[in-house]
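Here the structure is laid out as structure tokens; the discussion comes afterwards.
Right, here's the structure in full:
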């Protein structure tokens, strides 16, 4: 598909080609200057410079092309040699990993006149806009960015802006704006966006980790130090006390180790929470695996595991299998902890649900009819657009919780007061880990509980699209084999 | 959207919507920044927010003036009329949202002078992020006239209320535990209320969108899983008085 730039294919195009060349030279030198001054890191500068150069050369090509071949632009045979170079530049811009936009404008106060004449693939995916013709304002509303674009369009000044976008997954963006043409009546502006979430997240994560770790490790550490002092002091020669204290110390040390493990695992998950997984995994098979592994614990606790799963192959999700295992394991582990002996523990998997169905409750359930019970969404995906989901639901017959606790369950180290989680006390991070994993998978999580009526956790993940069958191969197979998989 | 029969009128409508969108962007940034300055105790940012509110008021007046002018001169009917009126309604809603953000910023200035209450400001931050994302979703929906997304925002207000209830309880516990925190906690409580109101404005935007596109109101009540909660909800005493 050849690209159409309305503002470039007007009769004044010939005049502008020199403008475009100048703009390119100017932009490249500005970027180079910034890089030398250490204002931009080198890689970014190179990328931006490459984009600017490519754009300028491409714009020059576009504008130098004589008018007749522009109208016949749809015909690739019109100018094969030129077309090839031009396509290469178009492709280069199109396939840049960073979102890139070109805005054009007429009058400064004409808001509807500011339009995007080009958006590359990354920008279209991020901002959900068409390749050209979108209103600038429908793509970007951030006032700082709009000001920077205005400055580039009407003042001919380049600039950079950083900002954070909200939503389920926070992202930090840095935006470079560069004027592409010096003419006042209809100017062009290059907008290059760069995702800086990794760097910022690393920073914040370190601070959070330190705060959490130092706070939570202090308690077991204090108890360890206390026992060491006692063992050095009056309990030195008391055989019985020594054994008992060493036992407690081992438990505390164990708890510290588990805490550090969980904190590290949480940090790792949070680090790439904004990058969706690209693998596939079968939810039924995963649940079966986890239940097999937890079988011995269930037997010791005299809890009956009651899986209710569709056949393997029916509930495929887009997922990182190891992380889904962690989700199911944490949920079942939690349920096991609170289940009394002799109780049933149900694990249900369902597939091909709309978002509403995946997050719908049975209104007649005792957890909802109880005056102190209720349901709470802990996480819901940003946008659905007819996406189908597979859900895994874990239902226990434990003591349950009052509604007011539900909202805070996924907070780190939140404890429901007056509740004992048994001899193997948790780290308080299990559900936080579950929430962050599900968020990375663009799924949802909700809970339903009432005192005395148990708890029910449901996590849902986007369902994998069926793999398209290779048609020619199927045609050669016997008819009964072709129909078998369905 | 297809081309308007009268091109100049179509252009004017697009222009009006663009102005509303720009105002929405500014208000959105105000809300996000307001939450940020509570969480980070950022005095400079808070003062910037208070200053920028004047601009929002100016934008609201401008949009209103243009819309009234269009109604007077073009006498629009059907969808044209709804689009004009919707722009005006949006401007009112956004202006009030901006006021709430300004009020949060002012309170954060007072909070910054007292002892930090980290766990509480974290709770406010969580609620603030949620509310900001609701506002963003509803403005996204309005910008591209996507009814389905608007409806999703309208439907999900319950979560904001839950956060408010939870924050309310937490603040009570703090105030009972240590009376010295009462003045800070009271300000945080009002901030929670401001955020809750912003959440309501986000649902209003979804309603305006529905009106603009279809001319109808969204039918029925919002789903509530816990109607019994309403009776003991701390939000109740003030629910009716600041419409």
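Residue numbers (the working numbering), protein chains in the order written: chain A, 1 to 486; chain B, 1 to 243.
Think of the CB as a built atom: it goes at the ideal place given N, C-alpha and C, for glycine as much as any other residue.
Task: residue 22(B) vs residue 137(A) beta-carbon contact at 7 angstroms - done: On the second chain, position 22 is the one that residue 22(B) refers to. On the first chain, position 137 is the one that residue 137(A) refers to. Yes, the pair counts as a contact, with Cβ atoms nearer than the cut-off.
Task: Contacting residues, own chain, Cβ-Cβ under 8 angstroms from residue 232(B) (five flanking each side not counted) - done: As a first step, residue 232(B) is located in the second chain; it is residue number 232 there, counting from the start. Confidence at residue 232(B) is low in this model, with a pLDDT of 40, below 50, so the placement of that residue is unreliable and no value is reported for it.
Task: Proximity to residue 451(A) [Cα-Cα], best of 427(A), 434(A) and 404(A) - done: What you label residue 451(A) is simply residue 451 of the first chain in a count that begins at 1. Residue 404(A) is the option with its Cα nearest to residue 451(A).
TODO: State the beta-bridge partners of residue 254(B) as determined by DSSP.
DONE: With chain B covering 1 to 243 only, the question about residue 254(B) has no answer from this structure.
TODO: Would you tell me roughly how many angstroms separate the C-alpha atoms of residue 401(A) and residue 109(A), rounded to the nearest one?
DONE: Here the question's residue 401(A) lines up with position 401 in the first chain. Here the question's residue 109(A) lines up with position 109 in the first chain. Rounded to the nearest angstrom, the two C-alpha atoms are 57 angstroms apart.
Open item on the list: Can you confirm whether residue 138(A), when its beta carbon is compared against all beta carbons of chain B, has any partner nearer than 7 angstroms?
Closed with: By 1-based counting over the first chain, the position of residue 138(A) is 138. Yes, contact with chain B.
Task: chain B within 7 angstroms of residue 210(A), Cβ atoms only - done: Residue mapping note: residue 210(A) aligns to position 210 of the first chain, counting from 1. It does not: the Cβ of residue 210(A) has no partner Cβ on chain B nearer than 7 angstroms.
TODO: Below 8 angstroms between beta carbons is the criterion; list the residues of the stretch 18–45 of chain B that meet it against any residue of chain A, in chain order.
DONE: 18, 19, 21, 22, 24, 25, 26, 28, 29 and 32
Open item on the list: Strictly under 7 angstroms for the Cβ-Cβ distance: is residue 141(A) near chain B by that measure?
Closed with: Taking the first chain and counting its residues from 1, the one referred to as residue 141(A) is at position 141. Yes, residue 141(A) counts as interfacial toward chain B.
Open item on the list: Counting only Cβ pairs nearer than 8 angstroms, list the residues of chain A close to residue 11(B).
Closed with: Position 11 of the second chain, counting from 1, holds the residue named residue 11(B). The contacting residues are 112.
- [ ] Kindly give me the distance between the Cβ atoms of residue 64(B) and residue 88(B), rounded to whole angstroms, as I take these residues to be in contact under 8 angstroms.
- [x] Residue mapping note: residue 64(B) aligns to position 64 of the second chain, counting from 1. Residue mapping note: residue 88(B) aligns to position 88 of the second chain, counting from 1. Indeed they touch by this definition, with Cβ atoms about 6 angstroms apart.
Task: DSSP beta-bridge partners of residue 308(A) - done: Here the question's residue 308(A) lines up with position 308 in the first chain. Its beta-bridge partners are 348(A).
Open item on the list: Please report the straight-line C-alpha distance between residue 12(B) and residue 313(A), rounded to a whole angstrom.
Closed with: Taking the second chain and counting its residues from 1, the one referred to as residue 12(B) is at position 12. Taking the first chain and counting its residues from 1, the one referred to as residue 313(A) is at position 313. Those two C-alpha atoms are separated by around 54 angstroms.
Task: residue 121(B) versus residue 211(A) - alpha carbon distance - done: Your numbering for residue 121(B) matches position 121 in the second chain. Your numbering for residue 211(A) matches position 211 in the first chain. Using only the alpha carbons, I get a separation of about 15 angstroms.
TODO: Apply the 10 Å Cβ neighbour rule to residue 125(A) and answer buried if 16 or more other Cβ atoms are within range, or exposed otherwise.
DONE: Locating residue 125(A) in the first chain gives position 125, where the first residue counts as 1. That one is exposed.
Task: Distance between residue 301(A) and residue 396(A) (C-alpha atoms, nearest Å) - done: In the first chain, residue 396(A) corresponds to position 396, counting from 1. In the first chain, residue 301(A) corresponds to position 301, counting from 1. Taking the straight line joining both Cα atoms gives about 13 angstroms.
TODO: Pair every Cβ in the stretch 457–469 of chain A with every Cβ in the stretch 96–113 of chain A, then say whether three or more of these pairs are closer than 8 angstroms.
DONE: no
Open item on the list: For residue 364(A) and residue 370(A), I'd like the C-alpha separation in whole angstroms.
Closed with: For the purposes of this step, residue 364(A) is identified with residue 364 of the first chain, where counting begins at 1. For the purposes of this step, residue 370(A) is identified with residue 370 of the first chain, where counting begins at 1. One C-alpha to the other measures close to 10 angstroms.
Open item on the list: Just to confirm the assignment, what range does the beta strand (DSSP E) spanning residue 162(A) have?
Closed with: What you label residue 162(A) is simply residue 162 of the first chain in a count that begins at 1. That run of the beta strand (DSSP E) goes 159–165.
Open item on the list: Which of the three DSSP states is assigned to residue 296(A) in this structure?
Closed with: Locating residue 296(A) in the first chain gives position 296, where the first residue counts as 1. DSSP places residue 296(A) in helix when its eight states are reduced to three.
Open item on the list: Is the separation between the beta-carbon of residue 388(A) and that of residue 438(A) shorter than 7 angstroms?
Closed with: The sequence position of residue 388(A) within the first chain is 388, counting from 1. The sequence position of residue 438(A) within the first chain is 438, counting from 1. Contact flag unset, no.
Open item on the list: Once DSSP output is grouped into helix, strand and coil, what is the label at residue 316(A)?
Closed with: Position 316 of the first chain, counted from the first residue, corresponds to residue 316(A). Strand at residue 316(A).
Open item on the list: Contact criterion: CB-CB distance below 7 angstroms. Does residue 377(A) meet it with respect to chain B?
Closed with: One-based indexing of the first chain puts residue 377(A) at position 377. Chain B contact via Cβ: present.
Open item on the list: I need the DSSP call for residue 105(A), collapsed to helix, strand or coil.
Closed with: One-based indexing of the first chain puts residue 105(A) at position 105. Strand.
Open item on the list: Please list the terminal residues of the continuous alpha helix (DSSP H) segment that includes residue 126(B).
Closed with: For the purposes of this step, residue 126(B) is taken as residue 126 along the second chain, with counting starting at 1. Its alpha helix (DSSP H) spans residues 118–143.
TODO: Consult DSSP for residue 7(B) and reduce its assignment to one of helix, strand or coil.
DONE: Translated into positions along the second chain, residue 7(B) becomes position 7. Helix.
Task: Contacts that residue 412(A) makes with chain E (C-beta to C-beta distance below 8 angstroms) - done: This model lacks chain E altogether, as its protein chains are A and B.
Open item on the list: Using a Cβ-Cβ distance cut-off of 7 angstroms, determine whether residue 429(A) contacts chain B.
Closed with: The residue labelled residue 429(A) in the question sits at position 429 within the first chain. It does not; no Cβ of chain B falls within 7 angstroms.
Open item on the list: Beta-carbon within less than 6 angstroms of residue 37(A)'s beta-carbon, same chain only, minus the 5 sequence neighbours each way: which residues are those?
Closed with: Within the first chain, numbered from 1, the residue matching residue 37(A) stands at position 37. Confidence is the limiting factor: at residue 37(A) the pLDDT is only 44, short of 50, which leaves the residue's position unreliable, though a coordinate-based value still follows. Same-chain partners within the cutoff: there are none.
TODO: Please go through the same chain and pick out, in chain order, the residues whose beta-carbon is closer than 7 angstroms to the beta-carbon of residue 103(B), but skip the five residues on each side of it.
DONE: Locating residue 103(B) in the second chain gives position 103, where the first residue counts as 1. Within the same chain, residue 103(B) has close Cβ partners 194.
Task: Cβ shell of residue 205(B) (< 7 angstroms), same chain only, five flanking positions each side left out - done: As a first step, residue 205(B) is located in the second chain; it is residue number 205 there, counting from the start. Excluding positions up to five away in sequence, the list reads 90, 93, 138, 139 and 142.
Task: Any C-beta of chain A under 7 angstroms from that of residue 15(B) - done: Residue 15(B) sits at position 15 when you count from the first residue of the second chain. Yes, because at least one Cβ of chain A sits closer than 7 angstroms to the Cβ of residue 15(B).
Task: Extent of the continuous beta strand (DSSP E) to which residue 393(A) belongs - done: Here residue 393(A) refers to the residue found at position 393 of the first chain. Note, residue 393(A): beta strand (DSSP E), 389–395.
- [ ] Give the range of the alpha helix (DSSP H) segment to which residue 449(A) is assigned.
- [x] Reading the first chain from its first residue, position 449 is the one you call residue 449(A). Taken as a continuous stretch (DSSP letters only), residue 449(A) belongs to no alpha helix (DSSP H), being part of the beta strand (DSSP E) at 444–449.
TODO: To the nearest angstrom, report how far apart residue 431(A) and residue 449(A) are at their CA atoms.
DONE: For the purposes of this step, residue 431(A) is identified with residue 431 of the first chain, where counting begins at 1. For the purposes of this step, residue 449(A) is identified with residue 449 of the first chain, where counting begins at 1. C-alpha separation (whole angstroms): 15 angstroms.
Open item on the list: Check whether chain B comes within 7 angstroms of residue 407(A), counting only Cβ atoms and requiring the distance to be less than that.
Closed with: The count along the first chain starts at 1 and reaches residue 407(A) at position 407. Yes, its Cβ sits closer than 7 angstroms to a Cβ of chain B.
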